[in-house]
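Reading through the structure tokens given below for one structure.
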Amino acid sequence: MSGSIHKTAPPHAGSTAYINARIVDPTADSEYRGAILISDGKIADFGPNLFVSGAPYGIESVDCRGLVLAPGVVDTRVHTGEPGEEHKETLESAGAAAAAGGITSLVLLPDNEPPFDDASLIEFVARRARLIKLVNMYAYGALTVGLEGKELAEIGLLAEAGAVAFTDADHAVGSAQVMRRALYYCKAFDALIVHLPQEPTLSGGHMTSGEMATRLGLSGNPPLAEVMMVERDIRLVEMTGGKMHLAKISTAESVAVIAAAKARGLKITCDTAAPYFALNDLAVGDYRTFGKLVPPLRAEKDRAAIVEGLRSGVIDAIVSDHRPQDQDSKRVPFAQALPGGIGLETLLPISLELAHNGHLTLPQLFQRLSSTPARLFGLPGGRLAKGAPADLVVFDADYAWQIDRTDLWSKTKNTPFDERPVQGRVMATIVGGRTIYRDDSFVTAAAAA
Amino acid sequence: MGLPRLPHLLGIEGLAPETISGLLDLSENYIDQNRSIDKRRDMLAGRTVINLFFENSTRTRTSFEVAAKRLGSDVINMDVATSSVRKGETLLDTAMTLNAMRPDAIVVRHHESGAVNLLSQKVNCAVINAGDGQHEHPTQALLDALTIRRRRGSLQGLLVAICGDIMHSRVARSNIHLLQIMGARVRVVGPPTLMPTDIDKMGVEVHYNMKSGLADVDIVMMLRLQTERMQGTFVPSISEYFHFFGLDHAKLKYAKPDALIMHPGPMNRGVEIDSEVADDLDRSVIHEQVEMGVAVRMACLEALIGGRRNQIGAVA
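Protein chains in written order, with the numbering used here: chain A, 1 to 449; chain B, 1 to 316.
Structure (structure tokens):
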């Protein structure tokens, strides 16, 4: 690893100017050469005309030398092992991995042991995050008790305790009646439901249905299992007037159906995870369990449709879907392997492929990575605005490197992107004005002094 | 022998036609040996073959055991029912434990697709796939090919119907690969619920009824209905299945008059095959398949570990 984590950095006080940066402002949909001034952990000023001849005397100044400076990534789908499976990942190791990946806020899925269906667990996460002093950590509340899809969890109390949205994580709610009630009930609290659309009775397979699954002799999960649940959810949202965010969209048909629902004005938004626009089902050839994900990696035509959905804006956001699994969970026959891949440190470099390949501009990419997820989940970061928290990432957009799973900060190394050549490397991650991660080659004025 | 050295035999997919014919040629040598009074040679004397079967098997395990012993090898049968696997040991720990005992070959059957590939990555001896989940069963396809080749001279240009439970069958997949590599045309015949998705992309013709499926075929391969692998309903009843997809003399009339009947065994009489057809000595080559199985497995053992005394560890 060529960077370091700075957990002990003191709270930001006074003023720091990041000058000579290529600033990406997603909400203004613009990028320019300029500076950002941070005062007491918040963005005090920013723009192309700020400090053009250097920061005034008395203000700490960091010369970004043309590197990109953007709002930190807001990753709304992260699983860690704490509490329950700390040997896979703790909140602290996830915080370090997030910091190294340019993520400044993350939202934790509720499918731990125990699941977050009780307000005390939401408070536990908040307390631990304060102690760890790395990235901002928020938590989902469970949508149903025990994530079993039967009885509604205490959504109001969980929201009061700080839950930012409600989901049963990778468990789809199979009962239309339960989902209908959840959508109605959440209206009282203006709570957001995040649902993984997979028809449970059709999604028991181990990889996507098709020729590859047939050759490998693995039972399949058809793309249809996703779109039929998307269609059901759209009907329920229309009927209830509720709002829903669909998670990890992976198929071409889903993108088309969601586009039509949005055109009808329904309160539907969605995200995808990095593997679904960067990989297809060839990644599980030869029974590679690191490519076993939920939903499964799809065919190439689906991958291309996800890229197009991100370009057109039908897909609002990108998540890492970080899910650590240890060797014992992955080095077993494919059908027995637990699904999931780590993604905190690879989210930004993999997503930058969309910009390098001309599908998205950098401001558009940071809408998907930062400003839109922050807005949908009601989080304070993810944008450049006076008074907003100084949650920022400095990165070299062109730096070429190869992902090596043994170099990652996460406790487990189950990345589906091992050995992939990528372009773009985080140089510094700033949360509330504190530099919590810095690459060795990025020497700030303060460090040099 | 011009056969390229194989590190393992994990599947048929990807094998060159020369490799397959080479293995079949090698097998031919053993048929007479197996029919003579003195059946034993010492080609593999001093070698150790471990039969590691995670799934119950009488026929295949016995066939491998007979094959190895007739070449002079020591054979150990790992009874998984009483082994530490039942005590929670992982597949890879079992593999590495056995590997430490320095066998020359491990013959593996496992109920999960890909398990044998995984195991082969962790040992430095030859691994033979004796059936993994719904993936491949390469020695079955080779013995089927040997049986057909001896009856018909060649596989080139033959039309073969594989019938029944295609979805759950590793035998079907290995045969689809092998028959097509060797120039035969393949049909799969069965109810749509037992057809894997996109099976046509493997180059086969798909038929949902026996009349069109068996029309003019040279070979009829029946598969066992694998009810133990089925979760939920795939066919309404055994009697309905037999009525539409069981092979009896009436349905056999659609095939060529001299079409051969094959079955990998064990047969479910009255489910996928009628006893009269199965026992028809003019048409059924089911017992010949079993005989060829021993010869093919001897050839595979020779190809993998013959003439390499003390080199196995050095290679890996």
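We put the CB at the ideal spot given by N, CA and C, even for glycine.
Predicted model only: the values in this text are computed from it and were never measured.
Closer than 8 Å to chain A by CB, residue i
i              : result
R187 (chain B) : no
P264 (chain B) : no
T197 (chain B) : yes
M96 (chain B)  : no
L225 (chain B) : no
L118 (chain B) : yes
M113 (chain B) : The sequence given here has Ser at residue 113 (chain B), not Met. Output row for S113 (chain B): interface = yes.
N310 (chain B) : With a pLDDT of only 40 at N310 (chain B), under the threshold of 50, the placement of this residue in the model should not be trusted; the figure read from the coordinates follows. N310 (chain B) does not count as touching chain A.
M221 (chain B) : no
K201 (chain B) : yes
H137 (chain B) : no
Of the residues the options, the one placed nearest residue i, counting alpha carbons only
i              : options                        : result
R331 (chain A) : B:L119, B:A100, B:V66          : B:L119
E419 (chain A) : A:T412, A:D404, A:E160         : A:D404
R22 (chain A)  : A:S4, A:I36, A:G66             : A:G66
P110 (chain A) : A:Y138, A:S93, A:A98, A:I103   : A:Y138
L408 (chain A) : A:K150, A:M239, A:G101         : A:G101
C99 (chain B)  : B:D258, B:L52, B:H177          : One point to set straight first is that residue 99 (chain B) is Asn, not Cys, in the sequence displayed. If we check each option's Cα against that of N99 (chain B), B:L52 comes out closest.
R173 (chain B) : B:I12, B:V107, B:L6, B:F244    : B:I12
S73 (chain B)  : B:A105, B:Q231, B:R283, B:T58  : B:A105
G197 (chain B) : A:E211, A:A163, A:D302         : It should be noted that the sequence gives Thr, not Gly, for residue 197 (chain B). Of the candidates A:E211, A:A163, A:D302, the one whose C-alpha sits nearest the C-alpha of T197 (chain B) is A:E211.
F54 (chain B)  : B:D79, B:V75, B:S154           : B:D79
A252 (chain A) : A:H6, A:A263, A:P222, A:M244   : A:P222
A169 (chain A) : A:A176, A:G146, A:L157         : A:G146
M228 (chain A) : A:T201, A:E160, A:D281, A:G309 : A:T201
A99 (chain A)  : A:P416, A:L376, A:L348, A:R368 : A:L348
L178 (chain B) : B:P17, B:L6, B:L10, B:L9       : B:P17
H206 (chain A) : A:R288, A:A274, A:G162         : A:R288
A428 (chain A) : A:T406, A:V422, A:A390, A:L192 : A:A390
L106 (chain A) : A:G382, A:Y276, A:F116         : A:G382
Counted within 10 angstroms of its Cβ, other Cβ atoms place residue i as buried (16 or more) or exposed
i              : result
N49 (chain A)  : exposed
S371 (chain A) : buried
S250 (chain A) : buried
P138 (chain B) : buried
F442 (chain A) : buried
V52 (chain A)  : exposed
D200 (chain B) : exposed
P317 (chain B) : Residue 317 (chain B) lies beyond the residue range present for chain B, which begins at 1 and ends at 316; the question has no answer from this structure.
A447 (chain A) : Because the pLDDT at A447 (chain A) is just 47, under 50, the model does not fix this residue reliably, and the point stays unresolved.
D286 (chain A) : exposed
M242 (chain B) : Here residue 242 (chain B) is Phe; the residue named in the question, Met, does not match the sequence. Burial call: buried.
Q140 (chain B) : buried
K39 (chain B)  : exposed
K301 (chain A) : exposed
A161 (chain B) : buried
Y32 (chain A)  : exposed
Q311 (chain B) : For Q311 (chain B), the pLDDT reaches just 40, beneath the cut-off of 50, and the residue's location in the model is therefore unreliable, although a value from the coordinates is still provided. Exposed, because fewer than 16 other Cβ atoms sit within 10 Å of the Cβ of Q311 (chain B).
R102 (chain B) : exposed
is_contact[residue i, chain B] using C-beta, thresh 8 Å
i              : result
L336 (chain A) : Checking the displayed sequence, the identity of residue 336 (chain A) turns out to be Gln instead of Leu. Yes, Q336 (chain A) lies at the interface with chain B (some Cβ there is under 8 Å from its Cβ).
G210 (chain A) : yes
T251 (chain A) : no
P333 (chain A) : yes
A9 (chain A)   : no
V216 (chain A) : The identity of residue 216 (chain A) in the sequence shown is Leu, whereas the question assumes Val. L216 (chain A) counts as touching chain B.
G285 (chain A) : no
G174 (chain A) : no
A449 (chain A) : Note that A449 (chain A) has pLDDT 38, beneath the 50 cutoff, so the model's placement of it is unreliable and the number below is only indicative. No, because no Cβ of chain B sits closer than 8 Å to the Cβ of A449 (chain A).
A225 (chain A) : no
G220 (chain A) : yes
Contact with chain D by residue i, beta-carbon distance below 8 Å
i              : result
L159 (chain B) : Here the protein chains are A and B, and chain D is not one of them.
inquiry  = Does the contact criterion of 3 or more C-beta pairs under 8 Å hold for the stretch 74–84 of chain A versus the stretch 309–322 of chain A?
reply    = Yes, the stretch 74–84 of chain A touches the stretch 309–322 of chain A.
request  = Scan the stretch 260–345 of chain A and note each continuous beta strand (DSSP E) run of 3 residues or more that stays entirely inside, going in chain order.
outcome  = Within the stretch 260–345 of chain A, the complete beta strand (DSSP E) runs of at least 3 residues are 268–273, 317–319.
message = Could you tell me which whole beta strand (DSSP E) segments of length 3 or greater appear in the stretch 16–65 of chain A?
response = Runs of the beta strand (DSSP E) inside the stretch 16–65 of chain A: 30–39, 42–47, 60–63.
message = Could you tell me which whole alpha helix (DSSP H) segments of length 4 or greater appear in the stretch 90–132 of chain A?
response = Within the stretch 90–132 of chain A, complete alpha helix (DSSP H) segments of at least 4 residues are found at 91–100, 119–132, given in chain order.
query = Curious, which full-length beta strand (DSSP E) runs of at least 3 residues does the stretch 150–210 of chain B contain?
reply = For the stretch 150–210 of chain B, whole beta strand (DSSP E) runs of length 3 or above, ordered along the chain, are 159–163, 185–189, 205–207.
message = Give the list of continuous alpha helix (DSSP H) stretches no shorter than 4 residues that lie fully inside the stretch 13–38 of chain B.
response = Segments of the alpha helix (DSSP H) lying fully in the stretch 13–38 of chain B: 17–35.
ask   = Quick one: complete alpha helix (DSSP H) runs, 4+ long, within the stretch 255–285 of chain B?
value = Listed in chain order, the complete alpha helix (DSSP H) runs (minimum 4 residues) inside the stretch 255–285 of chain B are 275–278.
At least 3 beta-carbon pairs within less than 8 Å: the stretch 333–349 of chain A vs the stretch 106–113 of chain B = Yes, since at least three Cβ pairs between the stretch 333–349 of chain A and the stretch 106–113 of chain B fall closer than 8 Å, the two stretches touch.
inquiry  = With three or more beta-carbon pairs closer than 8 Å as the criterion, would you say the stretch 177–186 of chain A touches the stretch 143–161 of chain A?
reply    = Yes, the stretch 177–186 of chain A is in contact with the stretch 143–161 of chain A.
inquiry  = If we require 4 or more residues per run, which alpha helix (DSSP H) segments fall completely within the stretch 333–412 of chain A?
reply    = Counting only runs of 4+ residues, the alpha helix (DSSP H) found wholly inside the stretch 333–412 of chain A occupies 347–356, 362–366, 372–377, in chain order.
inquiry  = Under 8 Å: do the stretch 123–131 of chain B and the stretch 187–194 of chain B share three or more Cβ pairs, one atom per stretch?
reply    = Touching, no, given that fewer than three Cβ pairs across the two stretches are closer than 8 Å.
query = Taking contact to mean at least 3 C-beta pairs separated by less than 8 Å, is the stretch 86–100 of chain A in contact with the stretch 123–137 of chain A?
reply = Of all C-beta pairs linking the stretch 86–100 of chain A to the stretch 123–137 of chain A, three or more are shorter than 8 Å, placing the two stretches in contact.
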